[in-house]
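Data block below; observations after.
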Amino acid sequence: MASYSQEDDEQFRNEFSTSYVDAFPKDFVYGPDDPEGELGSHYPSDQKPKILLMGLRRSGKSSIQKVVFHKMSPNETLFLESTNKIVTGDISNSSFVQFKILDFPGQIDFFEPSFDSEKIFGGQGALVFVIDAQDDYMEALQRLHQTVLRAYKVNPNLHFEVFIHKVDGLSDDIKIETQRDIHQKANDDLCDAGMEQIHLSYYLTSIYDHSIFEAFSKVVQKLIPQLPTLENLLNIFISNSGIEKAFLFDVLSKIYIATDSSPVDMQSYELCCDMIDVVIDISNIYGVKEEGEQVAFDRESSSLIKLNNATILYLHEVNRYLALVCILREDNFDRQGLIDYNFLCFRKGIQDVFEVRNKLLQQASLHHSTPPSNLLHGTPPSTHLHGTPPSNHLQANHTNGPAAP
Numbered sequence: 002m003a004s005y006s007q008e009d010d011e012q013f014r015n016e017f018s019t020s021y022v023d024a025f026p027k028d029f030v031y032g033p034d035d036p037e038g039e040l041g042s043h044y045p046s047d048q049k050p051k052i053l054l055m056g057l058r059r060s061g062k063s064s065i066q067k068v069v070f071h072k073m074s075p076n077e078t079l080f081l082e083s084t085n086k087i088v089t090g091d092i093s094n095s096s097f098v099q100f101k102i103l104d105f106p107g108q109i110d111f112f113e114p115s116f117d118s119e120k121i122f123g124g125q126g127a128l129v130f131v132i133d134a135q136d137d138y139m140e141a142l143q144r145l146h147q148t149v150l151r152a153y154k155v156n157p158n159l160h161f162e163v164f165i166h167k168v169d170g171l172s173d174d175i176k177i178e179t180q181r182d183i184h185q186k187a188n189d190d191l192c193d194a195g196m197e198q199i200h201l202s203y204y205l206t207s208i209y210d211h212s213i214f215e216a217f218s219k220v221v222q223k224l225i226p227q228l229p230t231l232e233n234l235l236n237i238f239i240s241n242s243g244i245e246k247a248f249l250f251d252v253l254s255k256i257y258i259a260t261d262s263s264p265v266d267m268q269s270y271e272l273c274c275d276m277i278d279v280v281i282d283i284s285n286i287y288g289v290k291e292e293g294e295q296v297a298f299d300r301e302s303s304s305l306i307k308l309n310n311a312t313i314l315y316l317h318e319v320n321r322y323l324a325l326v327c328i329l330r331e332d333n334f335d336r337q338g339l340i341d342y343n344f345l346c347f348r349k350g351i352q353d354v355f356e357v358r359n360k361l362l363q364q365a366s367l368h369h370s371t372p373p374s375n376l377l378h379g380t381p382p383s384t385h386l387h388g389t390p391p392s393n394h395l396q397a398n399h400t401n402g403p404a405a406p
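Numbered according to the numbering used here, the sequence shown spans residues 2 to 406.
As structure tokens, then:
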């Protein structure tokens, strides 16, 4: 563990107790509330979930944050300086992706009694511990064990995630062996401490491919209490539209906040991410941006890409920051009107989810209390969200059935 002076210690303690460092450049914004007023409410600041990025020095924490949320190219991260302060970013767009992300310096021991553990680990959120897979990770495992035990004592409801990072330079066999070794050692340490009830999730990640986005998607999904409802809506949509796979994406970060119940194929996810990049790039060149907008992405945004294997990628805008990306066979696209009609019903269902969530958040804010339990741990109290939306019903693609309007 790197040493630091008492003066550095005092400076760090003062910075943490007073304010955070703003991680976002001034021209990077997830945007104001939706101008049409359909999705315009946010979590109160003291109730917003948070993601804690922890790990040893040079493990790649800052690079992860910059690549996923700041659109920085992986090669540019080579010139990032080591983090020596707690850096926070406020991810607050008008979609379900709303949380704080805190990047902790790896060289400082913040487990001293003088640091406020309640402030660090309290509240709803996830602890992401990053381990450099290309380095000797024994010290990292020891720090992981200490961190998890301390955090669990303060907040048993935290989600504990382990990113086995920088695996791009490893062969597939070494990746699997490294993950197995870290998994076994970390779990054995918890068992020896009598803390078998603590669950750690493991991900192989790299900023040079889509694995870091996929891993962050899994983490963010755990912070979305409406996830079962979103998955149910997606299942209804694809089953009635002849679609094989569908993702609900946060456009700016390429995190998918929900997908249907079928397994996620990494290649399909990468195709969808690439499609979003193509749509955004073309929109920025030929589209018209309104003042204050970062990308030309609006209610009319959609895209259709036909691949040479008879597969179609179909993208539709849900709101300014959400997009539905579907994968289907070309044979099932002969009734595009049906799919478009069902999409309108799906979008209406998403808006209903937002409306229920916003009402609950407003009630919680007025009473200066934590959100109601059905907001944090279950689906919104609306009966139609477990089936088709009430005003429009999804139509199935029957061969002899009537065509959709």
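In this text, a Cβ means the ideal position worked out from N, Cα and C, and glycines have one as well.
Looking only at C-alpha atoms, which of the options sits nearest to residue i?
| i | options | result |
| --- | --- | --- |
| N285 | D210, V155, D261 and L253 | L253 |
| S262 | N241, N233 and R348 | N233 |
| V163 | S202, S60 and V280 | S202 |
| G61 | I92, D110 and F130 | F130 |
| Q125 | Y153, L145, Q108 and D136 | Y153 |
| H160 | I239, S74 and P50 | P50 |
| H146 | D117, K120, V155 and A187 | A187 |
| R348 | H71, I132, Q363 and V319 | V319 |
| V280 | V149, K176, R181 and E301 | E301 |
| Q143 | F355, D190, I277 and L249 | D190 |
| K307 | I52, M276, R321 and Y287 | M276 |
| T148 | R336, I121 and G288 | I121 |
| K72 | D278, R358, N309 and D341 | D278 |
| S118 | D91, Q108, F355 and R151 | R151 |
| D91 | S240, I52 and E271 | I52 |
| Q99 | Q364, V155 and F355 | F355 |
| K219 | I244, Q198, H184 and P264 | P264 |
| R59 | N309, S269, D136 and T260 | D136 |
| T411 | E113, D182 and Q108 | Residue 411 lies beyond the range of the chain shown here (2 to 406); nothing can be said about it. |
Should residue i be labelled buried (16 or more other beta-carbon atoms within 10 Å of its own) or exposed?
| i | result |
| --- | --- |
| P408 | Any property of residue 408 remains undetermined from this structure, which presents the chain solely from 2 to 406. |
| D266 | exposed |
| H200 | exposed |
| S64 | buried |
| D251 | buried |
| C273 | buried |
| I175 | exposed |
| S93 | buried |
| K246 | buried |
| P157 | exposed |
| A194 | exposed |
| G338 | exposed |
| L231 | buried |
| Y287 | exposed |
| I177 | exposed |
| E215 | buried |
| R358 | buried |
| S42 | Because the pLDDT at S42 is just 43, under 50, the model does not fix this residue reliably, and the value given afterwards should be weighed accordingly. By the 10 Å Cβ count, S42 comes out buried. |
| I283 | exposed |
| F80 | exposed |
| R321 | buried |
To which residues does DSSP link residue i through a beta bridge?
| i | result |
| --- | --- |
| A127 | I52 and H160 |
| T78 | DSSP, once it has assigned bridges, lists no residue as partnering T78. |
| Y204 | F164 |
| Q99 | S93 |
| E318 | A324 |
| D104 | L54 and V88 |
| D133 | H166 |
| T312 | R330 |
| D251 | I256 and L323 |
| L419 | No answer is possible for residue 419: it lies beyond the span of the chain, which begins at 2 and ends at 406. |
| K246 | I328 |
Just to confirm my understanding: we take residue i, look at its own chain, exclude 5 residues before and 5 after, and list those with CB closer than 7 Å. What are they?
| i | result |
| --- | --- |
| E140 | L57 |
| F97 | I225, Q227 and I258 |
| A134 | I165, H166, K167, V168, L171 and T179 |
| I213 | I65, V68, V69, T206 and S207 |
| F217 | V69 and I256 |
| S242 | L339, I340, N343 and N398 |
Among residues of its own chain, excluding the 5 on either side of residue i, which ones have a beta-carbon nearer than 6 Å to its beta-carbon?
| i | result |
| --- | --- |
| F334 | I313 |
| L54 | K62, D104 and V129 |
| I132 | Y138, A141 and I165 |
| H317 | S303, L325 and F344 |
| E77 | none |
| E271 | H211 |
Is residue i near the ligand HEM, going by C-beta to nearest heavy atom under 6 Å?
| i | result |
| --- | --- |
| D117 | As far as ligands go, the structure on display features none, and thus does not contain the ligand HEM. |
Considering only residues of the same chain and omitting the five flanking positions on each side of residue i, which have a CB-CB separation below 8 Å?
| i | result |
| --- | --- |
| G123 | V155 and N156 |
**Asked** Hey, is the segment 165-181 in contact with the segment 206-214, meaning 3+ C-beta pairs nearer than 8 Å?
**Response** Taking a cut-off of 8 Å for Cβ pairs, the segment 165-181 and the segment 206-214 touch, as three or more such pairs fall below it.
**Message:** Under 8 Å, with one C-beta from each stretch per pair, do the segment 216-224 and the segment 315-326 reach the 3-pair mark?
**Reply:** Flag = no, the segment 216-224 and the segment 315-326 do not touch.
**Message:** If contact is defined by three or more beta carbon pairs under 8 Å, each pair taking one atom from either stretch, is the segment 330-344 in contact with the segment 302-318?
**Reply:** In short, these stretches touch, since the Cβ pair count reaches three.
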